[in-house]
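A short worksheet on the structure shown next.
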Amino acid sequence: MALDRPLQEWLNTYTFPLEAKFKDLAYAEKVYRNLISELLANGTTTGLFFGSVDTDANIILAKISAQLGQRAFIGKVAMDNPEQTPDFYRDNSSQEALNEIKRFIEEVLQLQKQTKAEVTPVITPRFVPSCTDNTLAGLGRLAAEYNLPIQTHCSESIWEDQYAINRFHKRDAEVLDQFGLLTDKTVLAHGTQLSDSDLQLLRNKQTALAHCPISNVYFGNNIMRVKEAYQQKVKIGLGTDISGGFSPSLYRNMQQAIMSSQTLQDETKQNSRLTAANVFYLATVGGALALHLQTGQIKPGFKADLQIVEDQYYELSSNQPQEIFERLIYHTNKENIKQVYVSGKLVHDNLGEENGK
């Protein structure tokens with residue numbers, strides 16, 4: 001919903017007021033339980049989450065993820081820059097932001113220890129405009145101290161890209177690097193405005209990109225150069241970016257990634273087109289590599305993250321393996337996903353529901 005404004009206006013008009021509601025922990029519980037259930041039903045075994053500013057709400061998200069069995073990387077969002085964040089929804093100071101993030105880290109690590117669940121705290125500056133210099137520097141130190149993943153938005157739109165240049169006289173990615181926030185455990189969302197020098201920096205730092213093609217149609221002002229980034233040996237996984245994208249389905253995003261890549265090829269006359277196999281790689285192997293996970297492939301020694309999927313058109317075709325594969329990429333919806341396993345554990349059972357179990 002509410003995808004009718006440019007990024008900066010969208011954040012202030014819709015997103016920040018909505019996220020502020022998560023101070024109400026009953027509301028957070030209701031929404032997050034629905035969210036994790038919905039993602040699992042759509043076959044998403046692993047979520048990399050921007051939470052909200054409110055620490056206790058993020059802890060609820062971690063507990064629900066542990067309870068329902070989704071592997072979750074969760075960040076308490078840091079945003080303390082009064083020039084770019086509303087007074088009703090921000091960290092009151094840099095020190096408060098860092099203290100709360102440290103509390104969040106400790107509580108999630110304790111939850112991980114107690115439950116053995118695959119939940120991991122993530123250092124999460126919302127993006128460069130939202131944070132003061134002190135907070136960006138402090139987050140870099142916390143990431144190093146706890147050896148944690150980092151996530152943020154980078155060069156998502158013309159406005160965000162130019163903001164970093166105006167404030168720091170540096171590219172967005174260079175600013176993150178300045179504060180110790182570009183590591184081999186960093187995942188940068190979007191990257192629609194990345195330059196050739198940015199891609200070289202990301203490759204050198206072994207930093208990953210999260211390609212969110214539906215969201216980028218609305219807010220990116222461009223199409224991410226996925227094929228070019230991959231050819232330059234930059235790690236890339238596929239994301240949904242709900243609510244910046246309207247669908248929780250990685251299949252819908254695989255489809256949009258192919259469509260957007262064709263548009264990019266038509267515009268640039270360069271070889272930008274992605275295949276069904278390319279986007280399936282992004283949704284599986286690419287995402288796993290970005291998050292340093294032994295999963296995304298069916299092979300010995302890897303975590304058994306699996307979907308059991310029904311091919312609804314099986315009886316209407318000659319059913320060569322390539323045909324079946326492409327049909328599943330283009331036509332799978334939530335109803336076709338019969339079972340989902342995370343690390344070998346059944347976490348969603350549409351098959352059992354259909355059989356009345």
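Numbering (full-length UniProt numbering), first residue to last: 1 to 357. All residues carry an ideal CB built from backbone N, CA and C; glycine is no exception.
_Cβ pair Gly47, Gln70 closer than 8 Å_ = Counting from 1 along the sequence shown, the entry for residue 47 is found at position 47. Counting from 1 along the sequence shown, the entry for residue 70 is found at position 70. Cβ atoms of Gly47 and Gln70: closer than 8 Å.
*CB of Gln262 to nearest heavy atom of the ligand COA: below 7 Å?*
Absent from the structure shown: the ligand COA. Ligands present: none.
*Candidates Val309, Gln307, Thr284: which alpha carbon is nearest Gln297's?*
In the sequence shown, the residue the question calls residue 297 occupies position 297. Of the candidates Val309, Gln307, Thr284, the one whose C-alpha sits nearest the C-alpha of Gln297 is Thr284.
*Express the C-alpha separation of Gln95 and Ala78 in angstroms, rounding to a whole number.*
Numbered from its first residue, the sequence shown carries residue 78 at position 78. Numbered from its first residue, the sequence shown carries residue 95 at position 95. Rounded to whole angstroms, the gap between the alpha carbons of Ala78 and Gln95 is 11 Å.
*Starting from Asp161, follow the alpha helix (DSSP H) in both directions and report where the run begins and ends.*
Indexing the sequence shown from 1 puts residue 161 at position 161. Here the alpha helix (DSSP H) through Asp161 covers 158 to 168.
_Assuming His190 is part of the alpha helix (DSSP H), what are its boundary residues?_
Within the sequence shown, the letter at position 190 stands for residue 190. Counting along the chain, His190 falls outside any alpha helix (DSSP H), though it belongs to the beta strand (DSSP E) covering 186 to 190.
_Going by DSSP, what residue range makes up the beta strand (DSSP E) through His348?_
Counted from its first residue, the sequence shown places residue 348 at position 348. It spans 345 to 349 - the beta strand (DSSP E) in which His348 sits, taken as one unbroken run.
*By DSSP, does Arg71 sit in helix, in strand, or in coil?*
Walking along the sequence shown from the start, residue 71 turns up at place 71. Three-state DSSP puts Arg71 in a strand.
*With 16 as the cutoff for other CB atoms within 10 Å, does Met1 come out buried or exposed?*
The residue you call residue 1 lines up with position 1 of the sequence shown. Answer is exposed; the Cβ neighbour count stays below 16.
*Using beta-carbon positions only, say whether Cys154 and His190 come within less than 8 Å of one another.*
The count along the sequence shown starts at 1 and reaches residue 154 at position 154. The count along the sequence shown starts at 1 and reaches residue 190 at position 190. Result yes, Cβ atoms of Cys154 and His190 sit closer than 8 Å.
*Does DSSP put Lys334 in a helix, in a strand, or in coil?*
Mapped onto the sequence shown, residue 334 falls at position 334. DSSP places Lys334 in helix when its eight states are reduced to three.
*Within 10 angstroms of its Cβ, does Arg141 collect 16 or more other Cβ (buried), or is it exposed?*
In the sequence shown, counting from the first residue as 1, residue 141 sits at position 141. So Arg141 ends up on the exposed side.
_Inter-residue Cα distance where the pair is Ile123 and Glu310_ = Locating residue 123 in the sequence shown gives position 123, where the first residue counts as 1. Locating residue 310 in the sequence shown gives position 310, where the first residue counts as 1. Whole-angstrom Cα-Cα distance: 38 Å.
_Three-state secondary structure (DSSP) of Val217_ = Here residue 217 refers to the residue found at position 217 when the sequence shown is read from its first residue. Under the three-state reduction of DSSP, Val217 is assigned to helix.
_Residue-chain proximity (Ala283, chain B), Cβ-Cβ < 8 Å_ = Of the protein chains in the structure, only one exists, and it is not chain B.
_Whole angstroms are fine: how far does the CA of Lys334 sit from the CA of Asn134?_
Counted from its first residue, the sequence shown places residue 134 at position 134. Counted from its first residue, the sequence shown places residue 334 at position 334. Rounded to whole angstroms, Asn134 to Lys334 spans 44 Å at the Cα level.
*Would you mind sorting Asp241 into buried or exposed? The rule is 16 or more other CB atoms within 10 Å of its CB.*
Translated into positions along the sequence shown, residue 241 becomes position 241. Buried, because 16 or more other Cβ atoms sit within 10 Å of the Cβ of Asp241.
_Cys131 versus Lys205: straight-line alpha-carbon distance, rounded_ = One-based indexing of the sequence shown puts residue 131 at position 131. One-based indexing of the sequence shown puts residue 205 at position 205. Rounded to whole angstroms, the separation of the alpha carbons of Lys205 and Cys131 is 22 Å.
*asked:* Measuring alpha carbon to alpha carbon, tell me which residue in Pro121, Met254, Pro149 is nearest Pro213.
replied: Counting from one through the sequence shown, the residue named residue 213 turns up at place 213. Among Pro121, Met254, Pro149, the Cα nearest to that of Pro213 belongs to Met254.
*Mind pulling the alpha helix (DSSP H) runs of 4 or more residues that sit fully within the region 66 to 142?*
If we require 4 residues or more, the alpha helix (DSSP H) runs fully inside the region 66 to 142 come out as 94 to 115.
*For my contact list, Phe179 and Leu238 are in at a C-beta cut-off of 8 Å; report their separation, rounded to the angstrom.*
Along the sequence shown, one-based indexing puts residue 179 at 179. Along the sequence shown, one-based indexing puts residue 238 at 238. Not quite, the Cβ-Cβ distance comes to about 27 Å (not below 8 Å), so this is no contact.
_Simplified DSSP state of Ala2, which is helix, strand or coil_ = Residue mapping note: residue 2 aligns to position 2 of the sequence shown, counting from 1. Three-state result, Ala2: coil.
_Ile258: first and last residue of the uninterrupted alpha helix (DSSP H) it sits in_ = In the sequence shown, counting from the first residue as 1, residue 258 sits at position 258. Here the alpha helix (DSSP H) through Ile258 covers 250 to 268.
*What distance in whole Å lies between the Cβ atoms of Phe127 and Thr152, which are believed to be in contact at a cut-off of 8 Å?*
Indexing the sequence shown from 1 puts residue 152 at position 152. Indexing the sequence shown from 1 puts residue 127 at position 127. Thr152 to Phe127, Cβ: 5 Å. Contact.
*asked:* If you measure between the beta carbons of Ala57 and Asp80, is that distance less than 8 Å?
replied: Working through the sequence shown from its first residue, we reach residue 57 at position 57. Working through the sequence shown from its first residue, we reach residue 80 at position 80. Not a contact, by the Cβ cut-off of 8 Å.
*Which class does Phe50 belong to by DSSP, given the choice of helix, strand or coil?*
On the sequence shown, residue 50 is found 50 positions in, with the first residue counted as 1. Strand, per DSSP.
*Do you know how far the Cα of Phe16 is from the Cα of Val53?*
Reading the sequence shown from its first residue, position 53 is the one you call residue 53. Reading the sequence shown from its first residue, position 16 is the one you call residue 16. Their Cα atoms are separated by approximately 10 Å.
*Straight-line CA distance for Arg203 to Ile105?*
Stepping through the sequence shown from its first residue, residue 203 is reached at position 203. Stepping through the sequence shown from its first residue, residue 105 is reached at position 105. Distance between the alpha carbons of Arg203 and Ile105 is about 28 Å.
*If you draw a straight line from the alpha carbon of Val279 to that of Thr332, how long is it in whole angstroms?*
Indexing the sequence shown from 1 puts residue 279 at position 279. Indexing the sequence shown from 1 puts residue 332 at position 332. Between Val279 and Thr332, the C-alpha separation is close to 14 Å.
*asked:* For Val234, report the span of its beta strand (DSSP E) as first-last.
replied: Here residue 234 is taken as the residue at index 234 of the sequence shown, counted from 1. Per DSSP, Val234 belongs to no beta strand (DSSP E) and is neither H nor E.
*Might you give, ordered along the chain, the residues of its own chain that have their beta carbon closer than 8 Å to the beta carbon of Gln231, omitting 5 neighbours on each side?*
Walking along the sequence shown from the start, residue 231 turns up at place 231. Excluding sequence neighbours, Gln231 sits near nothing in its chain.
_Straight-line gap, residue 359 to His348 (C-alpha atoms, nearest Å)_ = Not covered by the structure: residue 359. The range shown for the chain is 1 to 357.
*Give the DSSP-derived three-state secondary structure of Gln151 in the structure shown.*
What you label residue 151 is simply residue 151 of the sequence shown in a count that begins at 1. Correct three-state label for Gln151: strand.
*Measure the alpha-carbon distance for Gln339 versus Gln307 and round it to whole angstroms.*
In the sequence shown, the residue the question calls residue 339 occupies position 339. In the sequence shown, the residue the question calls residue 307 occupies position 307. For Gln339 and Gln307, the distance between alpha carbons rounds to 6 Å.
*Using DSSP with H/G/I as helix, E/B as strand and the rest coil, what is Tyr146?*
Locating residue 146 in the sequence shown gives position 146, counting from the first residue. It is helical.
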